[in-house]
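Heads up: the structure comes next, in structure tokens.
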Amino acid sequence: MDKTTSLRKNPSRETCEGIIKRILMTEILENGKNEHFRTAADFMNYFESLYPSSNALTKQVQRAIKSLNMPKDEFGYFIPNKTAEQLEHEKELQYLFDKADAEVFSMEEYKPLFLRVSSETRSYLVHVLENSPLFEDKFLTLQETANGIIFYTKNPSHLEILLNSLIVR
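Okay, so the sequence shown: first residue is 18 according to the numbering used here, each after it adds one.
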């Protein structure tokens, strides 16, 4: 048996899937996103450079694309390494973040300050502090903890003075 008869004429569907994934990942690494591949036909130049052109090769690449079940972006380009469900979940999160006017920023400038309070009044005290004009802009956030309330503030010394001025002993 010579080498030509032992070689496959066309790649398997699994081989095509692996090649397609590598092509798309290379595209993303080089361009930041897929800007060239929308259909199985867009991959054919690459496959035809490796294998003899045939209807069977085209069908195998089409089967691989269908098997990968990749979602597409708003412009119709394949998105590798995401399922349609993951893409829908991301879209839902984007919608919610937009509705919530979400913004990410660093808390490097903020320092924690702890206020020890009893468990009986903790939740109510958090509610009052969150809605108090006196504490407006004094902290970024506060959170109930096992033994009190923790604040994150840019100026812990001013918040500490304010809190101590309200604690009557």
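Each residue gets a CB set at the ideal place from its N, CA and C atoms; glycine is no exception. The structure presented is a predicted model; accordingly, all values stated were derived computationally and were not measured.
On the CB-based measure, 16 or more other CB atoms within 10 Å of its CB, does residue i come out buried or exposed?
i	result
S66	exposed
L176	buried
N98	exposed
Name the residue from the options whose alpha carbon lies nearest to the alpha carbon of residue i.
i	options	result
P129	R55, I167, P69, E44	I167
A58	D115, K50, E47, S71	S71
K171	N181, E126, E120, E147	E126
F156	Q103, P69, S174	S174
A163	S140, L113, T32	S140
P28	F60, L74, N181	L74
L180	E161, Q160, L151	L151
Y94	S182, N51, G165	N51
What are the partner residues of residue i, as DSSP defines its beta bridges?
i	result
I178	Its beta-bridge partners do not exist; DSSP assigns none.
Whole alpha helix (DSSP H) elements within the stretch 42-101, 4-residue minimum
61-67, 72-85
Can we say the stretch 130-139 touches the stretch 79-91, given the rule of at least three CB pairs closer than 8 Å?
The answer is no - the stretch 79-91 does not touch the stretch 130-139, with fewer than three Cβ pairs under 8 Å.
Can we say the stretch 79-86 touches the stretch 135-145, given the rule of at least three CB pairs closer than 8 Å?
Cβ pair count under 8 Å is below three, so no.
Alpha helix (DSSP H) runs contained entirely in the stretch 100-177, provided each spans 4 or more residues
101-116, 139-147, all fully within the stretch 100-177.
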